[in-house]
Amino acid sequence: MVRHVLVPLDGSELAEAALPAAAATAAAFGARVTLFHVLEEWAPQTVHGQRHLTDAAQAEAYLASVAQRPVFRDHPVEMHVHRGRTENVADSIMAHADELGADLVVLSTHGQGGLKGFFLGSIALRALGRGRTPILMVNPTTAGDAPPFICRRILVPLDGSATHETALPVAERLARGWKAALHLVMVVPTARALSGHKGAAGILMPLATRAMLEIAEHDAAAYVGGLGNTLTAAGLDVSSSVGRGEPLTALLDTARTTGADLVVMATHARGAMEGFWAGSLTPKLMQRLDRPILLVRAEGHDEAR
1 MVRHVLVPLD GSELAEAALP AAAATAAAFG ARVTLFHVLE EWAPQTVHGQ RHLTDAAQAE
61 AYLASVAQRP VFRDHPVEMH VHRGRTENVA DSIMAHADEL GADLVVLSTH GQGGLKGFFL
121 GSIALRALGR GRTPILMVNP TTAGDAPPFI CRRILVPLDG SATHETALPV AERLARGWKA
181 ALHLVMVVPT ARALSGHKGA AGILMPLATR AMLEIAEHDA AAYVGGLGNT LTAAGLDVSS
241 SVGRGEPLTA LLDTARTTGA DLVVMATHAR GAMEGFWAGS LTPKLMQRLD RPILLVRAEG
301 HDEAR
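This is the structure in structure tokens:
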């Protein structure tokens with residue numbers, strides 16, 4: 001159950017892309033919404049050419065105006081401005097999520113491509129590494145683009161470990177609230193997609209590698225199918241599949257072919273830059289995905305995914 005949604009805003013229209021998702025969640029679960037702004041040390045006047053809030057009075061007036069918008073009609077909306085200036089936005093977001101008792105943080109990535117978009121998305125990963133509140137990230141396609149948020153199908157990527165099953169209870173609650181279907185997917189690489197020592201083994205022992213991957217595909221289908229059967233028995237509309245190939249490409253293809261409106265996945269959320277250059281899947285998926293993604297902090301060993 002989602003009872004309280006926290007929405008960090010910086011004054012830009014790009015950040016406001018998070019508003020429809022926050023309002024839709026509040027409507028589905030009867031949750032209240034808190035609009036939040038943290039005053040940054042050395043705050044810039046603009047972000048991507050748009051206004052950026054730089055003082056408390058300006059921030060309070062802005063949040064009050066946002067709270068009166070039609071998107072929040074019939075929803076209880078509160079406002080909070082953190083007056084103490086900070087250099088660490090991620091820490092402040094998660095500290096206030098804990099302090100205010102938020103169940104969900106809804107954050108816009110500002111919709112920028114390339115490394116600029118990655119650094120904005122890294123705020124969410126750093127925030128997730130500092131708290132346990134799930135973060136829903138909305139990526140607007142153009143400045144000020146904030147279409148209504150409708151969630152009919154949720155995609156949940158899994159890897160066969162209990163660690164990444166952390167996302168399932170969150171996805172289940174959201175599916176019930178939004179009356180959405182779930183699709184579970186696990187990716188098994190092809191021999192060509194293997195890298196490192198596994199790729200070398202595939203070259204040296206192609207037949208054995210192909211046989212092992214076929215077994216892995218069978219096991220993956222049984223795994224996601226079994227989870228799907230359990231969720232179906234609990235009253236949910238669930239389907240499952242196994243993707244083949246390079247994981248990022250396979251997940252993007254699955255999101256498109258299933259018509260997923262939202263991706264819910266667990267991540268270990270190590271330092272975003274560290275994970276990015278180490279080949280972490282989550283930041284790359286955030287960069288390429290053209291639909292909202294909800295990140296859940298994974299429980300278990302500290303390994304970036």
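Going by the working numbering, the first residue of the sequence shown is number 1, and it counts up by one from there.
From the three backbone atoms N, C-alpha and C, an ideal C-beta is built for every residue, glycine too.
| Query | Result |
| --- | --- |
| How far does the beta strand (DSSP E) with Met186 in it extend, from its first residue to its last? | Ala181 to Val188 |
| If you reduce the DSSP assignment to three classes, tell me which class Arg173 lands in. | helix |
| Determine whether the beta carbon atoms of Val264 and Val296 lie at a separation below 8 angstroms. | yes |
| Using 8 angstroms as the threshold, is the C-beta distance between Pro189 and Leu213 below it? | yes |
| If we count the other Cβ atoms within 10 Å of its Cβ and call it buried at 16 or more, is His301 buried or exposed? | For His301, the predicted model reports a pLDDT of 45, less than 50, meaning its position is unreliable and no value from the coordinates is stated. |
| In the DSSP assignment, find the unbroken alpha helix (DSSP H) run with Phe29 in it and report its ends. | Leu19 to Phe29 |
| State buried or exposed for Thr25, treating a residue as buried only when at least 16 other CB atoms are found within 10 Å of its CB. | buried |
| What's the gap between the Cα of Val2 and the Cα of Val38? | 23 angstroms |
| Applying the criterion that 16 or more other CB atoms from any shown protein chain within 10 Å of the CB defines a buried residue, is Ala57 buried or exposed? | exposed |
| Nearest-angstrom Cα distance between Asp237 and Ala260? | 13 angstroms |
| Applying the 10 Å Cβ sphere with the 16-neighbour rule, what's the burial state of Asn229? | exposed |
| DSSP three-state label for Gly243, please. | strand |
| Classify Val77 as helix, strand or coil using the three-state DSSP reduction. | strand |
| Given that a residue counts as buried once 16 or more other Cβ atoms are within 10 Å of its Cβ, and exposed if not, what is Ser65? | exposed |
| In chain order, what residues of the same chain have a beta carbon less than 6 angstroms from the beta carbon of Pro76, not counting five sequence neighbours either side? | Arg32 |
| Would DSSP call Thr267 helix, strand or coil? | strand |
| Suppose contacts are defined by Cβ-Cβ distances below 8 angstroms. Is Val242 in contact with Ala255 by that definition? | no |
| Considering only the alpha carbon of each residue, which of Glu40, Met79 and Ala18 lies closest to Asp91? | Glu40 |
| With 16 as the cutoff for other CB atoms within 10 Å, does Asp74 come out buried or exposed? | exposed |
| Need the endpoints of the beta strand (DSSP E) that Val105 sits in, please. | Leu104 to Ser108 |
| Under the three-state reduction of DSSP, which class applies to Met1: helix, strand or coil? | coil |
| Measuring straight from C-alpha to C-alpha, what distance separates Val105 and Thr249? | 27 angstroms |
| Would you grab the beta carbon distance between Leu308 and Val224 for me? Rounded to a whole angstrom, and I think it's under 8 angstroms. | What is shown of the chain runs 1 to 305, which leaves residue 308 out entirely. |
| Could you give the C-beta distance for His164 and Gly101, rounded to a whole number, given that I count them as a contact under 8 angstroms? | Contact doesn't hold; Cβ gap of about 26 angstroms is too wide. |
| Would you mind sorting His96 into buried or exposed? The rule is 16 or more other CB atoms within 10 Å of its CB. | buried |
| Return yes when the Cβ of Glu78 is within less than 8 angstroms of the Cβ of Thr133, no when it is not. | no |
| What does the alpha-carbon distance come out to for the pair Ala21 and Arg244? | 31 angstroms |
| Straight-line CA distance for Pro247 to Val89? | 31 angstroms |
| Leaving aside the five residues before and after His183 along the sequence, list all residues of the same chain whose C-beta is less than 8 angstroms from its C-beta, in chain order. | Arg153, Ile154, Leu155, Val156, Val238, Ser239, Ser240, Ser241, Thr254, Thr258 and Ala260 |
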